[in-house]
Each structure stands twice: as structure tokens, then as C-alpha cells.
Amino acid sequence: MSGTQPIRRDLPVEEARAALKQHFSTFQGQKYAEGWADLWAKGDFLPWDRGHPSPALADTLADHADLIGHAMVDENGKPRRKRALVPGCGRGVDVLLLQSFGYDAVGLEYAADALKACEDYEKEHAGDYPVRDEKVGKGTARFVHGDFYTDDWLESTGFGKDAKFDLIYDYTFFCAMQLPMRPAWAKRMSQLLRPDPQANLICLEFPTNKPAQAGGPPFASPPKAYLEHLSHPGEEVKYDAEGNVRMNPLAPSSPGALERVGHWQPADTHKVGKDAEDKVQDWISVWRHR
Ligand SMILES: C[S@@+](CC[C@H](N)C(=O)[O-])C[C@H]1O[C@@H](n2cnc3c(N)ncnc32)[C@H](O)[C@@H]1O
């Protein structure tokens, strides 16, 4: 069970990736999500688990308010807290970060043992997430069990069975998906993001420089992969024989497409998102309904 095992965070990246790939070779197709639950149940090999929130998300929320806005939104003349979703939230660190910025934040996990890890982590570390802005105060954090691709968890968010979100944060969720799942990932993001100019999907794009033929997870996720899929939610995107996305800049975007309204390299990111010279390789992309 996670939380009771010592977690190995010392494995070299290449070794951890080879072990992950080997693990998922027995969890292909429909069994794929079970592969994650199995890792969480064992609890001693969670190589994606950084143990602290994304510096790049903290910077985005603090320094890009001109684009992202703040945690409060005006609804029918009354202020309310924005609702944030972190799909595949793992240990929940980014959920607690969003809460500290004033969002009512929901972490979604398929793995029941990950949710247990979220609860344990929150009990121990709530004090590490001080309120960021006294005028806004703290939001709420809720951890929910479910499959991103189905609706049955929506009601347990507390926002109703038709819940939509003002902010969605994707870090190592897109790259965790098998390539055939990417069209459904993009369609689901489009469905769950509130159709409102103040609602943003924020992706911390990673890994951007992994060769596609190396497979995954994490699967190669350069900026053009997010762009092609989110411009054509639910539709097939062409990949070449090596697994590189084939861009078609002339193809018009599809119904439900999200538009990229911001794209930059963050000043700081997790170590795994930097090269040997410590240069940031990750990108932040921000998406909205048109
Ligand atoms: C690579 S991990 C990333 C976790 C977290 N974002 C982090 O940065 O630590 C991917 C997570 O997605 C979860 N997951 C995979 N498929 C899912 C699904 N269909 N619905 C919800 N969670 C899922 C896994 O259990 C796993 O914890």
C-alpha cells in the first residue's frame, strides 16, 4: 500500500523509464489504467512522483494573472471561487497548490491507493501550502475517485453531475496516455473546460525532447502533439512510423477545438524537465474555447 513503502526517487531517468515501459507491457489496451493502479497499490515505484508541486504552475498562477486571471470570478454579479481540476493528480501536490491560490480544487484519480496517498500527504503537509493572497484566502481541496473518460465521478466533485471547470491543469497526464487514447483525452478536456473566455486549460508540456520511437510512458509530448490533438478533439491525428505527430497546418480546427492563447518556457520546472546543462525543456501552454 502506498505511503507505507519507501519511495525510490533516486533511479536514473533512463532506468526508471525502461522499468515503467516493461511494467506497462502487461497492461495494454483496456487494462491500461489498471497498470497505474497496480503501481500505486505496490507503492514503491512511482517515478513520476516529484513529492512537491510544479514550480512552473506556481509561476504561471503568480506571474501570468494577466492571462490566467485570479482565483475569483464574477458570476451573475457575485464573486465565486474558480473550480479547478487536476486529472490524474497522483499524490495531490498540485491540487493543494491550487487551493493555496484560492481555487476550489479537485484532484481526480483512477487509483484508489493514490487517493489514500493524497489524504495522508494532505494531513502531513497542509502547512506547506500557505495562503498566497490574504484578500482571496484559501479554497477547498477535494480528492475524487474515477476515470477521467467517464461522467460518474462528476457528482462527487460537489459541483453537480454536469460540472465544468474554470481551470484544468495537466502535468504528466497527457504523456501518460497510450497514443490511441489521445483523441479521447483532447475531447474530454474540451468537454470539461467551461466554455467561457475566463476558463483555461494549462498544460505543462513534458517530455518535449524524448525520441518518439522510445515509446512510453511517458510518451514523447512535444508542443505540436498538444496542438494537433486540442485543435481536433476526438479525431484521429496522423503519426509517422516512428511515432512523431505529422502537423497539418492547413487543416482547419474542428468543432470543440481549444485555441492556444499562451505558450512559453517556464523560468523553472521540475529537474526532470531540464537538460544536462540545467536548461528548461518543458513548455507551458494555455488553451481556451474559441
Ligand atoms: C504519470 S502519473 C502523474 C501523476 C501526477 N500528475 C504527478 O505529477 O505526480 C499519471 C496518473 O494518472 C492516473 N490515471 C491514469 N489514467 C487515469 C484515468 N483514466 N483517470 C484518472 N486518473 C488516471 C494514474 O493513476 C497516475 O497517478
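Read in order, the letters of the sequence shown correspond to residues 259 to 548 in this note's numbering.
Each residue gets a CB set at the ideal place from its N, CA and C atoms; glycine is no exception.
Here the structure is a predicted model, which means the values were calculated and not measured.
| said: Below 8 Å, how does it come out for the stretch 369-389 and the stretch 270-288: are there three or more Cβ pairs, yes or no? | reply: Result no; under three Cβ-Cβ pairs closer than 8 Å.
| Are the beta-carbon atoms of PHE431 and GLY346 separated by less than 8 Å? | Taking the first residue of the sequence shown as 1, we reach residue 431 at position 173. Taking the first residue of the sequence shown as 1, we reach residue 346 at position 88. Remark: C-beta atoms of PHE431 and GLY346 approach each other more closely than 8 Å.
| task | Provide the residue span of the alpha helix (DSSP H) that contains CYS376, from first to last. | result | Here residue 376 refers to the residue found at position 118 when the sequence shown is read from its first residue. That run of the alpha helix (DSSP H) goes 370-383.
| field | Cβ contact (3+ pairs, closer than 8 Å) linking the stretch 431-449 and the stretch 491-500 | value | Enough Cβ pairs lie closer than 8 Å, so yes.
| Cβ-heavy atom distance, ASP409 to ligand 1, below 7 Å | For the purposes of this step, residue 409 is identified with residue 151 of the sequence shown, where counting begins at 1. No, the Cβ of ASP409 stays beyond 7 Å of every heavy atom of ligand 1.
| task | Could you say which of ALA299, ALA369, ASP268 and ILE542 lies nearest to LYS482 if we only look at CA atoms? | result | Translated into positions along the sequence shown, residue 482 becomes position 224. Taking only the C-alpha atoms, the option nearest LYS482 is ILE542.
| query | What are the boundary residues of the beta strand (DSSP E) that PHE431 is part of? | reply | In the sequence shown, residue 431 corresponds to position 173, counting from 1. From DSSP, PHE431 is part of no beta strand (DSSP E); its letter is neither H nor E.
| task | Measure the C-alpha to C-alpha separation of TYR427 and GLN357 and round it to an integer number of angstroms. | result | The count along the sequence shown starts at 1 and reaches residue 427 at position 169. The count along the sequence shown starts at 1 and reaches residue 357 at position 99. CA-CA distance, TYR427 to GLN357, rounds to 13 Å.
| query | Hey, how far is the Cα of GLU377 from the Cα of TYR368? | reply | To locate residue 377, count along the sequence shown from 1; it is residue 119. To locate residue 368, count along the sequence shown from 1; it is residue 110. If you draw a straight line from the Cα of GLU377 to the Cα of TYR368, it is about 15 Å long.
| said: Measuring only from the beta carbon, is ALA369 closer than 7 Å to any heavy atom that is part of ligand 1? | reply: In the sequence shown, residue 369 corresponds to position 111, counting from 1. Correct: ALA369 has its Cβ closer than 7 Å to ligand 1.
| Quick one: does the C-beta of CYS461 sit closer than 7 Å to a heavy atom of ligand 1? | Indexing the sequence shown from 1 puts residue 461 at position 203. No, ligand 1 has no heavy atom inside 7 Å of this Cβ.
| field | Same chain only: Cβ atoms within 8 Å of HIS521, ignoring 5 sequence neighbours per side | value | Residue mapping note: residue 521 aligns to position 263 of the sequence shown, counting from 1. Excluding sequence neighbours, HIS521 sits near PRO481, TRP541, ILE542, SER543 and VAL544.
| Would LEU451 be called buried (16 or more neighbouring beta carbons within 10 Å of its own) or exposed? | Numbered from its first residue, the sequence shown carries residue 451 at position 193. So LEU451 counts as buried.
| Is DSSP giving HIS328 helix, strand or coil here? | On the sequence shown, position 70 is the one that residue 328 refers to. Looking at HIS328 - three-state DSSP - the assignment turns out to be coil, as it is neither helix nor strand.
| message | Considering only their Cβ atoms, is the gap separating LEU462 from TYR497 smaller than 8 Å? | response | For the purposes of this step, residue 497 is taken as the residue at position 239 of the sequence shown. For the purposes of this step, residue 462 is taken as the residue at position 204 of the sequence shown. With contacts defined by Cβ atoms closer than 8 Å, TYR497 and LEU462 do not form a contacting pair.
| message | Closest to VAL394 by C-alpha separation, out of LYS381, THR284 and GLY327, would be which residue? | response | The residue you call residue 394 lines up with position 136 of the sequence shown. The option with the nearest alpha carbon to VAL394 is GLY327.
| Relative to ligand 1, is the shortest distance from any of its heavy atoms to the C-beta of LEU315 smaller than 7 Å? | Locating residue 315 in the sequence shown gives position 57, where the first residue counts as 1. Outside the cutoff, so no.
| Given that a residue counts as buried once 16 or more other Cβ atoms are within 10 Å of its Cβ, and exposed if not, what is GLY293? | As a first step, residue 293 must be located in the sequence shown, where it is residue number 35. It counts as buried.
| said: Looking at the secondary structure, which residues open and close the alpha helix (DSSP H) in which TRP541 lies? | reply: The count along the sequence shown starts at 1 and reaches residue 541 at position 283. Annotation: TRP541 is outside any alpha helix (DSSP H); the continuous beta strand (DSSP E) that includes it extends over 541-547.
| task | Can you check the stretch 441-481 for any beta strand (DSSP E) of at least 3 residues that lies completely inside it and give the ranges in chain order? | result | Listed in chain order, the complete beta strand (DSSP E) runs (minimum 3 residues) inside the stretch 441-481 are 458-463.
| request: Quick one: using the 10 Å Cβ neighbour count with 16 as the cut-off for buried, is PRO305 buried or exposed? | output: Taking the sequence shown and counting its residues from 1, one reaches residue 305 at position 47. Burial call: buried.
| task | Name, in chain order, the residues that DSSP records as bridge partners for LEU356. | result | Reading the sequence shown from its first residue, position 98 is the one you call residue 356. In DSSP, LEU356 forms no bridge with anything.
| task | With distances taken Cα to Cα, identify the nearest neighbour of LEU425 among LYS468, TYR379 and MET330. | result | If you number the sequence shown from 1, residue 425 lands on position 167. If we check each option's Cα against that of LEU425, MET330 comes out closest.
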